[in-house]
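Protein chains in written order, with UniProt numbering: chain A, 1 to 399; chain B, 1 to 399; chain C, 1 to 399; chain D, 1 to 399. Here is the structure we will look at.
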C-alpha cells in the first residue's frame with residue numbers, strides 16, 4: 001500500500017481552459033490538494049460547465065465567484081478617478097482585473113487554510129507579477145506555484161501539442177473548435193488580444209478579431225447622446241437622452257456604457273507597450289465603456305477642479321497608472337496615492353457650482369477683473385526672460 | 001501751424017479685421033508711426049486686400065510675411081516631437097502660432113528701428129502673454145502697446161458697436177457679412193472657436209461652426225490608409241497607400257494630413273481649459289493633421305524608445321506643454337527641454353531596428369530569457385510589500 | 001469748518017519701526033482710519049512701547065497679538081512634516097511667517113469691518129506676494145494698499161533720509177541707534193538678513209551680524225545630546241540627555257531647539273536664491289531649531305516610511321516648498337498637498353515598530369530572504385539594458 | 001590520468017581580502033581559469049602584496065589597474081554636476097565606484113576572451129546589482145558568477161569561521177589583526193561602514209571608526225578658506241587662500257578637498273537608507289571632498305542658472321541619483337539625463353557674468369523695474385485663489 005502524503009493545499013486560479021485544466025491535474029500529480037477558483041469578472045464563460053470540469057478533474061473544492069460588482073466599484077472606479085492610462089494610451093483593463101481576482105483568491109486560501117496559490121500566467125508577461133505581488137502583499141507567508149516558471153513544467157509542455165496530448169491522457173476535455181491564432185483575455189472592462197500572429201507589430205488585426213466593439217465603418221451614423229452624472233469622481237447615473245434609458249448601479253452603468261460604446265466602435269487601440277519585465281510587446285485592446293468614462297471624467301475634472309490641483313493630480317495619476325500596470329495595486333504607494341483621489345472631489349462635493357465663472361471669463365463683461373493687472377503680470381513674468389536673453393544676445397530661432 | 005512730434009514707431013500685428021484696423025488708426029491718433037505686419041500662418045485671408053486696407057488707413061509700411069513653412073518646421077515639428085498636449089487634450093494650435101508671429105514681428109521692429117510693438121489681443125486671454133513674453137525675451141528693451149489693457153482704449157471701445165462707429169467715422173471699411181456669434185482664430189494647425197454663445201459651456205457648438213473637419217456623421221465610411229515615415233521624431237514623408245499620393249516637404253506633409261484628417265472628421269475637441277491667467281474658459285478646436293501626427297508619433301515613440309527614457313520624456317513633455325501654453329516658448333527652460341527632443345531619437349537614428357524584439361517577447365520561443373528569473377524578480381519586488389503588510393495586518397480592500 | 005470724509009478703515013501690519021510708522025501717518029493723511037496690528041511671532045520687540053507709539057501716531061485701535069504658539073503649530077509644524085526646503089537650502093523661515101501674520105490680519109479686518117489692509121513690504125520682494133495672496137484668498141473682496149508700489153508714496157520716499165525728514169515733521173520718534181547696513185527680519189523660526197552691503201554676493205557677512213547662532217569657531221566642543229520624540233511627523237517631546245531637561249509643548253520644544261542649536265552654531269546659510277518675481281537675491285539666514293528638526297525628521301522618515309511612499313512624498317515636498325515660498329500657503333494646491341502629510345504617518349502611528357527589520361537586513365542571518373532571488377531580479381532588470389546596448393554596440397565611456 | 005577540462009575563463013573583481021581570496025580558489029576548484037582584477041580607486045591597499053597573493057593562489061593573470069583619475073573625471077564629476085544625493089542625504093560614494101570598476105572589468109574580460117565575470121558582493125546588497133547591470137549592459141552575452149548567491153557556495157561558507165578554515169586548508173594567508181566588528185568599503189570619494197554591530201540603528205558608531213574625517217570636536221577652530229573655480233559644472237581649480245596652495249587636475253583637486261574637508265570633520269553621515277532590493281539598512285559614510293563640492297556646486301548653480309531651468313534640473317537630478325543608486329549608471333535613461341547636465345552650463349559658458357543683477361535686485365535703485373507691475377502680478381495670481389475661496393467660504397486655518 002502506498003501512502004501519498006499531500007504536500008498541502010493550493011488554490012488555483014482556474015479559467016476552465018486547456019492550460020489551467022492541465023495545471024490542475026499536474027498539481028494533483030505533484031501531490032497537492034487543489035481548490036479550483038474561477039472569478040466571474042464579466043468574461044463570456046459557461047461557469048457551471050467549468051465547475052463540473054474542475055470537479056471531474058479532481059478539484060477538492062470549486063469556487064465560482066461573481067466579482068463583477070466589486071470589480072467595477074473597487075477596481076474600475078478608482079482607475080476612473082485617477083484617469084488611469086498607461087503610456088498615454090492603454091486604459092489598464094487587464095491590470096485592474098488581476099488584483100481583483102487575487103484578492104478573492106487570497107481570501108479563499110486563508111479561509112480554507114491553503115498555504116499555496118497557483119495561476120497559469122506565463123513567465124514573460126505582466127500578469128504573473130500582478131497576481132503574485134497582490135498575493136504576497138495580502139498573504140505575506142503564502143507560497144506561490146507558477147508552473148510556467150518551473151522547468152519541470154515548462155520543459156514538459158513546450159507547446160500546445162504537449163498540452164493536448166497530456167489532456168487526452170488524463171481525461172481532460174479538449175477544445176473542439178480550432179483555436180484563434182492569438183491569445184485573448186476578456187473581462188467587463190475590456191478584451192485584450194496578443195501573441196501568435198499578432199506578435200509581429202506590422203501584421204494588421206483581422207477584422208473579425210474584435211468582439212466588444214463594432215467596426216467604426218459599420219457603426220451607426222446617428223450618435224447616441226449620453227448624460228453621465230458624476231459624484232466624487234465616479235459616475236452615479238447614465239442616461240441615454242433620446243431613449244430615456246437610465247442606469248444607476250455601478251455594474252449597470254458600466255455595462256451600459258460598454259454596450260453603447262461598443263455599438264459606436266469606441267475604444268479600440270492597437271499598440272506596442274513596455275512590459276514591466278523590460279520588453280516591448282504588441283497588444284490590441286477594446287475598452288468601450290472605459291474609454292467613454294475616461295473622456296467624460298477628464299472633462300468634468302478640468303471643469304470643476306482648481307488648475308494647480310489638477311496639475312499635481314495629473315502627475316500622480318501617471319505614477320498611479322505605472323504602479324497599477326506593474327502590479328503594485330496593493331502597495332503602500334498606491335494606498336498613498338489613493339488618498340488624493342477622494343480628496344480632490346471635496347471641491348465639487350460641497351457645492352453644485354463649478355469653478356467656471358462665466359462672467360469672469362466673458363470677453364464682454366469686465367466683472368471683477370482689471371485688464372491692467374495683466375500688464376504687470378506679464379512684465380513680472382518677463383523679468384527673468386529679459387535678463388536671460390540680454391545675457392545670451394538676440395537669437396531668433398530655437399536651435 | 002501745429003507740429004505733431006511722433007512718439008515713435010510701432011509694429012502692429014495686423015489681422016485685416018475690424019479690431020486691429022481700429023487699433024491702427026487709434027495708434028496714429030496717439031502720435032505713433034504705424035508699421036502694419038500681417039503674418040501668413042495658413043489662415044484663410046485675402047492678404048493683398050489686407051495690404052491695401054492697411055495702407056489706406058495710414059500705415060507707414062506694410063509687411064505681409066509668408067511664415068507657413070517656418071511655422072511647420074520650427075514650431076509645429078517641435079510640438080510633435082514633444083507630444084505636446086495641454087491638460088491631456090488640447091494640442092496647442094494657437095499657443096505655437098503666437099511665438100512664430102512674434103519672432104518675425106521682433107525682427108521687423110529691430111530692422112525698422114521701431115521701439116514699440118502692438119497687438120490686438122484681449123486682456124483676459126493667453127495670447128497677450130504669449131506675444132509679449134516672446135517680444136520681451138527677444139527684444140528686452142521693447143515697449144509694448146496692448147490697447148485692450150489701456151483704460152483710454154477699452155473704456156472708449158466697450159463693444160462692437162463702438163468699434164463700428166469709430167470705423168465709420170475714420171473711413172475704416174466695415175464688414176458687410178454679419179459676424180458669427182463667437183470669435184475664431186485660424187492657422188495651419190487648427191481653428192479655435194470661443195466666446196460669444198460658446199461661453200456657456202452647456203451650449204453645444206452649432207454643426208456649421210466647423211470649417212476644417214467634416215462632421216464624423218458625414219465622413220466617408222471607407223478609411224484612407226496613410227504611411228507616415230518619421231526621422232528624428234518628425235515626419236519626412238506621408239503616403240496615401242490606396243492613391244499612391246506622397247508628400248515630402250514639411251508644409252506639404254502637414255497640409256495633406258489636414259486634408260485627409262479633416263475629410264474623416266479627425267481632431268475635434270470641445271473642452272474647458274485653465275488659462276494661465278487663472279480662469280477657466282471653454283474652447284472648441286479642430287486640429288486634424290496635428291491629431292493624426294500626435295497619435296502616430298506616440299506610436300513610433302513607444303515602439304523605438306527605451307521604456308525608462310520614454311517615461312522621463314513623458315514628464316518633460318507635460319512640462320513643455322504647460323510652458324508653451326503659458327507663453328514661455330522663448331525661455332531658457334523651453335530651450336533646455338528642447339535638448340531632449342532631438343537627443344532621444346539618436347536611438348532610432350543609428351539603427352533601422354527598433355527595440356522591439358519579436359523573439360524575446362514571443363510566447364513560443366524561449367530565446368535568451370529564462371522564465372525562472374521572473375520568480376526572483378517578483379519576490380524581490382515583494383520584499384517591501386510583505387514587510388509593509390505584515391506590519392499593517394491583513395486588509396482586503398483599498399479604502 | 002472742514003469735514004473730512006474717511007475713505008474707510010485699513011488694518012496695517014505694523015512693525016513699530018520707522019517705515020510702517022511713516023506709512024501709518026501717511027495712510028491717515030490719505031483719509032483712512034488706521035488700525036495698527038502687530039503680530040508677535042517671536043521677534044525681539046518691546047510690544048508695549050510699539051502699542052504706545054502707534055496710539056500716539058493716531059491709530060484708531062491697536063492690536064498686539066501673540067501668535068507664537070499658533071505659528072509653531074499651524075505653520076512651522078506642517079513645514080517640518082513636509083521637509084520644506086526651497087532650492088535645496090532655504091528652510092522657509094520668512095515664507096511660513098507671512099501667512100501666519102496675514103491670517104490674523106484678515107480676521108481683524110473682517111471683525112472690525114475694515115475694507116482695506118496694508119503692509120510695508122517692498123515692491124521687489126516675495127513678502128508682498130505672500131501677504132497679499134493670503135489676504136485675497138481668505139478675504140476675496142479686500143482692497144490692499146501697498147504703499148511701496150504706489151508712485152505717490154515711493155516717489156516721495158526715495159530713501160531713508162526722506163523717511164527721517166517726514167518722521168521729524170510728523171512727530172514720529174526716530175531711531176537713535178545707527179541702523180545696520182542691511183535689513184533684517186526676525187521671528188521664532190529664523191532671522192534673515194539681506195540688502196544694503198549684503199547685496200553684493202561677494203561681500204562676506206560681518207561676524208557680528210548673527211544674533212541667533214554662535215559662531216561655530218566659538219561654540220562649545222562638547223556636544224549636547226538631544227532625544228526628539230515624533231508623533232505623526234511632528235516633535236512631541238525633546239529631552240537633553242545629559243541635563244535631563246525636557247520640553248513638551250510645541251512652543252517650548254521649538255524654542256529649546258533654537259537655544260541649543262544656536263549655542264552650537266547650527267543652521268547658518270548664506271545663499272543666492274531665486275525670488276518668485278524672477279530675480280536672484282542674496283540672503284543670509286540662521287535657522288537653528290528648524291535645521292535640527294529638518295535633519296531629525298528626514299531621519300525618522302526614512303526609517304519609518306515605505307521607500308516608494310517616501311519617494312512620492314519627496315517630490316510633493318519640493319512642490320509644496322516652492323508654493324510656500326511663492327506665497328501660495330492658502331491655495332487649493334497647498335491644501336491638497338497637505339493631505340499627504342498627515343496621511344503618511346498612519347504607517348508609524350499604528351505600530352511602534354518601524355519598517356526596519358534587522359533580521360532581514362543582516363548579513364549573517366538569512367531569514368525569510370533567498371539570495372538566489374536577486375539573480376532573477378537583476379537579470380530581469382537587465383533585459384532592457386542588454387537589448388539597448390546590443391543595438392547601440394559596445395561603448396565603455398559615458399560621453 | 002585525470003583530465004580536467006576548463007569551464008572557461010572568469011575575471012574576478014579581487015580585493016585582496018579573505019572573501020575574494022576564497023572565491024578565487026573556489027572558482028579554480030569549480031574548474032575555471034581565474035583572472036584576478038584589482039581596481040585602484042583610491043582605497044588604502046598594498047597593491048603589490050595583493051598581486052603576489054593572487055598569483056600565489058593560482059590566478060592565471062593579475063591586473064592591478066589605477067583608475068583614480070578616471071574615477072574622478074568620468075564618475076565623480078558627473079555626480080557633482082547632477083548634485084547627486086540619494087534620499088536627500090547620501091552622496092553615492094559607493095554607487096559611483098561600482099560602474100567604474102565594472103567598466104574596466106568588462107574591458108579586460110572582452111580583451112582576454114573571458115566569458116565570465118565574478119565578484120564578492122553579497123546577495124542582499126546594492127553592489128551586486130550595480131556590478132552586474134553594468135556588466136550586462138556593456139557585455140550583454142557575459143555570464144556572471146555571484147558566489148554569494150549560489151547555494152553550494154553560501155551554504156558551505158555560513159560565516160567567517162568557515163572562510164578562515166577554508167583559507168587555512170588552501171594556503172590562503174589569513175588576516176592577523178582582528179577584524180573590525182563592521183564591514184567597510186573605501187575609495188577616493190568616501191568610506192562606508194555597515195553591518196555587524198552597526199546593524200542595530202540605535203547603536204552609535206564608535207569614535208575610532210572614522211578614518212577619513214576628524215571628529216568635529218577635535219577639528220581646528222580656525223577655518224580654511226577655499227576658492228573653487230568651476231567650469232561647465234565641475235571644479236577646475238581649488239585654492240587655499242591663506243596658504244596659497246592650489247590644485248588643478250581633477251585627481252589633485254578632489255584629493256585636496258578630501259584632505260581639507262577631512263581635517264574639519266566635514267561630510268559624516270549616519271543614516272538609514274532604502275536599498276533597491278526593498279529593505280532598509282543602516283550605513284555610516286564619510287565623504288569630505290564630495291560634501292564640499294556638493295555645497296559649492298549647489299551654490300554656483302543657483303547663482304548662474306535660470307530659476308526654471310534649475311527647477312527642472314533639480315527633478316532630473318533626483319531621478320539620476322536614484323538610478324545611480326540602483327545600479328543603472330550604464331542605462332539609456334542615465335545617458336539621456338546626462339545630456340542635460342552638460343547642456344545646462346552653456347548658459348554660464350558663454351559669459352563670465354551670472355544672471356545675478358545687483359541693480360535689478362537692489363532695494364535702493366529702481367532700475368529697469370516698475371514696482372507697480374507687482375500689483376498686477378499678484379492680482380492675476382490671486383484670480384484663481386479668490387475664486388476658490390469664494391466657493392469654499394472663509395476658513396482661517398489649514399486643516
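Ideal placement from N, C-alpha and C gives every residue a C-beta, glycine not left out.
Supposed close pair residue i, residue j - CB separation, criterion 8 angstroms
i, j, result
"residue 96/A", "residue 292/A", "16 angstroms between Cβ atoms; not a contact."
"residue 450/B", "residue 273/B", "Shown here, chain B extends from 1 to 399; a query on residue 450/B therefore has no answer."
Nearest-angstrom Cα separation, counted from residue j out to residue i
i, j, result
"residue 187/D", "residue 65/D", "14 angstroms"
"residue 167/D", "residue 157/D", "11 angstroms"
"residue 250/C", "residue 327/C", "24 angstroms"
"residue 47/D", "residue 21/D", "14 angstroms"
"residue 124/D", "residue 101/D", "20 angstroms"
"residue 416/D", "residue 208/D", "Chain D is shown from 1 up to 399; residue 416/D falls before or after that span and cannot be answered."
"residue 104/A", "residue 133/A", "14 angstroms"
"residue 179/D", "residue 18/D", "11 angstroms"
"residue 181/A", "residue 299/C", "56 angstroms"
"residue 81/B", "residue 310/B", "12 angstroms"
"residue 67/C", "residue 73/C", "10 angstroms"
"residue 140/A", "residue 387/B", "8 angstroms"
Beta-bridge pairing of residue i - partner residues as DSSP gives them
i, result
"residue 273/B", "281/B"
"residue 46/B", "Beta-bridge pairing links residue 46/B to no other residue."
"residue 37/D", "13/D and 63/D"
"residue 143/B", "116/B"
Reduced DSSP category for residue i - H, G, I as helix; E, B as strand; rest coil
i, result
"residue 90/C", "strand"
"residue 231/D", "strand"
"residue 384/B", "helix"
"residue 244/B", "coil"
"residue 8/D", "strand"
"residue 222/A", "coil"
"residue 375/A", "helix"
"residue 302/A", "helix"
Cutoff 8 angstroms: residue i Cβ touching any chain F Cβ
i, result
"residue 374/C", "Of the protein chains in the structure, A, B, C and D, none is chain F."
Check distances from the C-beta atoms of the stretch 193-218 of chain A to those of chain B and list, in chain order, the residues that come in under 7 angstroms. Correct list: 195, 199, 200, 201 and 217.
Between the stretch 259-291 of chain C and chain A, which residues of the former have CB atoms less than 7 angstroms from a CB of the latter, in chain order? Listed in chain order, the positions of the stretch 259-291 of chain C with a beta carbon within less than 7 angstroms of a beta carbon of chain A are 277, 278 and 279.
Which residues, in order along the stretch 20-43 of chain A, keep a beta-carbon less than 8 angstroms from a beta-carbon of chain D? Per Cβ criterion, the list is empty.
For the stretch 303-314 of chain C, list every residue whose C-beta sits within 7 angstroms of some C-beta in chain A, in sequence order. Correct list: 306, 308, 309 and 312.
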